[in-house]
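Residue numbers (the numbering used here), protein chains in the order written: chain A, 2 to 113; chain B, 6 to 118.
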């Protein structure tokens with residue numbers, strides 16, 4: 002079953018604008034990770050945020066985590082055409098080497 | 006640096022035929038290895054993971070199987086493919102389960118006719 006659900010499913014904005022994507026999950030987590038997937042390619046890791054963290058930054062990316070609401074958001078500032086991709090959140094509940102549980106993703110299109 | 010390779014990149018197979026997808030990792034030892042499937046319009050579904058040679062854990066019962074004959078080699082197999090096996094298959098590795106980022110290969114696009 003899917004743990005994370007990204008919202009919106011699709012987002013189209015103008016280059017230079019900020020893009021915000023949300024992720025909701027159902028059970029308690031050890032960490033939440035955001036990934037980017039360009040068309041026909043594998044996933045690329047962006048940011049990992051642990052359950053005891055509330056916010057992390059990496060370049061133009063900002064991730065927040067609200068464990069009380071079981072939700073996370075990914076903000077991409079000053080978007081570029083190269084940011085066009087699908088973005089997934091993956092959750093890890095802990096307890097071993099098992100993998101991540103992903104949502105269906107948000108497809109982001111940056112209009113030039 | 007570490008790299009992960011998957012092949013083939015695309016594959017078209019008839020229903021009922023066998024399957025073998027291969028994944029290898031370079032530049033690291035004893036990685037955790039994962040097979041995911043991404044069906045059209047859906048997220049990634051974890052199929053199998055492995056913490057060592059010969060150690061396979063299955064997340065979803067189906068007609069697929071996985072094997073890890075060598076430390077950095079992970080193989081996904083089927084004896085008889087079903088139409089529902091179509092999808093994008095991704096292999097990934099990590100240093101230590103889900104507490105660290107996972108690193109994905111470029112995937113295999115499998116179409117069943």
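Positions of the beta carbon are idealized from the N, C-alpha and C atoms, including for glycine.
A quick note: this is a predicted structure, and the numbers were derived from the prediction, not measured.
In this structure, the straight-line span from the alpha carbon of residue 108 of chain B to that of residue 9 of chain B is close to 8 Å.
With respect to chain B, the C-beta atom of residue 58 of chain A has no partner C-beta closer than 8 Å. The beta-carbon separation of residue 102 of chain A and residue 91 of chain A, rounded to 7 Å, stays under the 8 Å limit for a contact. Here residue 89 of chain B carries a helix assignment [DSSP, helix/strand/coil]. Among the residues of the region 67 to 86 of chain A, none has a Cβ less than 7 Å away from any Cβ of chain B.
For the options A:77, A:37 and A:51, the alpha carbon positioned closest to that of residue 16 of chain A is the one of A:77. Excluding five sequence positions before and after residue 87 of chain A, the CB atoms of its chain that fall closer than 6 Å to its own CB belong to 38, 106 and 108, given in chain order. In chain order, 34, 46 and 49 make up the part of chain A whose C-beta sits under 7 Å from the C-beta of residue 106 of chain B. Within chain A, the C-beta atoms nearer than 7 Å to that of residue 47 of chain B come from 105, in chain order. Counting C-beta pairs with one atom in each stretch, the region 23 to 38 of chain B and the region 82 to 89 of chain B have three or more that are closer than 8 Å, which means they touch. When DSSP states are grouped into helix, strand and coil, residue 91 of chain A belongs to the strand group. In this chain, the beta strand (DSSP E) harbouring residue 32 of chain A covers 32 to 38.
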